[in-house]
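The block underneath contains the structure these notes are about, expressed in structure tokens.
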Amino acid sequence: MKRLSLLIACSAISSTLISTPTFAQDTAGQPVETKRANAPNQKPVFENQTRAPQPASIPKIATEVIAEDLPHLWAMEFLPDGRMLVTAKQGAMHIVSEEGDAGPAIAGVPEVAFGGQGGLLDVALAPDYATSGMIFFSYSEPRDDGNGTSVASAKLVSDDNAGGRLENFNVIFRQMPTYDGNKHFGSRLVFGPNNELYVTVGERSDRQPRVQAQDLASGLGKVFRIDASGKALPDNPFVSTEGAQPEIWSLGHRNMQSATLDGQGRLWTVEHGPRGGDELNRPEAGKNYGWPEVTYGVEYSGGKVGDGITQKAETEQPVYYWDPVIAPSGMAFYDGDAIPEWKGAFLVGGLVSQGIVVLHMDDDKVAYEERVPLDARIRDVKVGPDGAVYAVTEQRGGGQSTIVRLTKS
Ligand SMILES: [Ca+2]
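Under the working numbering, the final residue of the sequence shown carries the number 468; numbering is consecutive throughout.
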């Protein structure tokens with residue numbers, strides 16, 4: 060790939076090659092997070108549920124900006140030919156070449172409710188994309204009485220000029236009810252090993268709608284599991300429950316903007332929690348992840364959330380939580396060979412933590428937490444066909460994005 064030599068205007072990443080500091084050996088075993096907790100009296104249920112130690116061996120990582128001056132991106136996905144399909148939050152898709160050049164806007168992208176946290180959100184390739192050309196994407200859909208997260212499918216037909224168009228556009232799923240707001244739309248789209256499509260959303264944030272995360276008749280604050288036409292899978296947990304939305308897979312979630320499969324094809328998510336309550340979960344069929352009744356962290360105001368309960372028998376404990384928060388964005392499972400220290404780890408983009416959080420797993424628990432500071436808000440993370448890690452940056456308020464490649468130096 061072309062190495063860009065220009066300094067990046069308007070970007071927090073100010074040089075093309077940055078070696079992130081290697082932590083001294085004496086920090087191994089200590090948590091990377093040293094800031095004061097927002098809820099210092101809340102205690103984890105098990106060891107390493109928060110502030111896990113840093114690993115003894117931390118790879119030295121080099122970063123390289125491979126694309127810049129891009130519109131404000133939300134998600135990226137590698138196409139089989141090595142190019143990148145990206146979504147721009149304002150409501151556009153582009154194909155970015157391996158050299159980092161963005162093609163013209165792809166025609167046929169629907170109007171989105173752009174504003175606040177709303178816009179064009181995630182994109183995923185169909186499992187049979189190589190033959191079908193089908194893509195799936197999520198967005199904040201403008202509706203008569205407000206807006207809501209919707210999932211659409213379309214065939215991506217690219218042209219010779221690196222642009223293209225969407226054909227056979229079809230809205231396959233709508234999160235209901237509609238709500239008139241601009242926060243907590245989620246979302247991520249992840250295909251499971253049997254072509255099932257997981258859709259993560261949010262609970263629309265405000266106090267009135269957010270309690271619906273506990274309501275099976277509502278689609279707010281849920282993980283959904285659907286087929287490519289948007290229908291509930293017949294073995295979903297609530298298909299026989301009176302009044303429940305049959306597409307629901309799990310409940311009690313806040314705002315999930317991070318999701319990926321692990322090496323065994325299981326879904327993992329990271330959700331934006333309240334202040335001091337971001338959490339990693341492995342959502343299982345029919346389980347309740349607590350929000351807003353059981354959670355770590357406090358309200359933005361500093362007051363307790365609900366009754367301030369962090370554990371309850373009927374709700375699942377997070378696998379891991381962060382206080383203070385990282386503000387998770389995209390997430391990937393690292394199964395490449397280029398950075399062997401990260402094999403089997405989750406890589407989670409951080410908006411507030413301005414880098415990548417590396418979670419080293421052991422028996423479905425976090426054994427070590429490592430951070431790769433990138434000095435920019437990270438909006439998405441993907442592993443490339445070369446085994447390198449690709450991070451999408453953003454600037455708050457609609458600035459430009461870059462794509463940064465991380466390799467072992
Ligand atoms: Ca929870």
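By construction, the Cβ of each residue, glycine as well, lies at the ideal position given by its N, Cα and C atoms.
Looking at C-alpha atoms only, which residue of the options is the closest neighbour of residue i?
i	options	result
Tyr355	Asp274, Leu225 and Gly367	Gly367
Val91	Val463, Lys424, Leu339 and Glu429	Glu429
Val260	Ser468, Glu200 and Val216	Glu200
Ala276	Val298, Ile285, Lys290 and Gly289	Val298
Asn107	Gly178, Trp381, Phe250 and Glu306	Trp381
Ile117	Asp423, Tyr427, Val451 and Thr369	Tyr427
Leu410	Asp422, Trp401, Pro444 and Gly456	Gly456
Pro236	Ala98, Lys281 and Asp394	Lys281
Ala447	Ala151, Phe105, Val104 and Val124	Val124
Glu400	Gly408, Val417, Ala391 and Ser412	Val417
Val258	Ala291, Ser264, Gly361 and Gln271	Ala291
Asp265	Tyr359, Asp445 and Val442	Tyr359
Output needed for residue i: all residues of its chain with C-beta closer than 6 Å, excluding positions within five of it in sequence on either side, in chain order.
i	result
Val431	Thr79, Ile120, Gly414 and Ile415
Arg464	Glu123, Ile125, Ala447 and Tyr449
Ala161	Leu129, His153 and Val155
Gly395	Val442 and Gly446
Thinking residue i and residue j are a contact (beta carbons under 8 Å), I'd like their distance in whole angstroms, please.
i	j	result
Gly222	Pro163	4 Å
Gly335	Pro383	6 Å
Val155	Ile398	The Cβ separation is near 22 Å, so there is no contact.
Gln316	Pro387	6 Å
Arg254	Ala287	According to the sequence displayed, residue 254 carries Asn and not Arg. Confirmed, about 7 Å.
Gln101	Thr369	5 Å
Leu256	Ile285	5 Å
Is the beta carbon of residue i sitting closer than 8 Å to the one on residue j?
i	j	result
Gly389	Asp439	yes
Asp472	Asp203	Absent from the model: residue 472. The displayed extent of the chain is 60 to 468, so no value can be given.
Gln234	Gly207	yes
Ser197	Leu248	yes
Asn314	Glu330	yes
Pro351	Arg269	yes
Thr146	Leu184	no
Gln113	Ala87	yes
Tyr379	Val425	yes
Ile385	Val364	no
Thr328	Phe392	no
Asn241	Gly311	no
By Cβ distance below 7 Å, which residues in the same chain neighbour residue i in space, the five residues on each side in sequence not counted?
i	result
Arg224	Ile165, Ala166, Gly167 and Val216
Ser468	Ser78, Lys119, Ile120 and Ala121
Asn227	Ala213 and Lys214
Arg142	Ile154, Val155, Ser156 and Glu157
Can you find a C-beta in chain D that's less than 8 Å from the C-beta of residue i?
i	result
Tyr379	Among the chains of the structure shown, chain D does not appear; only one protein chain is present.
Less than 7 Å separating the Cβ of residue i from some heavy atom of ligand 2?
i	result
Val91	No copy of ligand 2 occurs in the structure displayed; its ligands are ligand 1 alone.
Leaving out the 5 sequence neighbours to the left and right, which residues in its chain are closer than 8 Å to residue i when beta-carbon positions are compared?
i	result
Glu373	Asn347
Residues whose Cβ lies closer than 5 Å to any heavy atom of ligand 1, in chain order:
Answer in sequence order: Tyr348 and Gly349.
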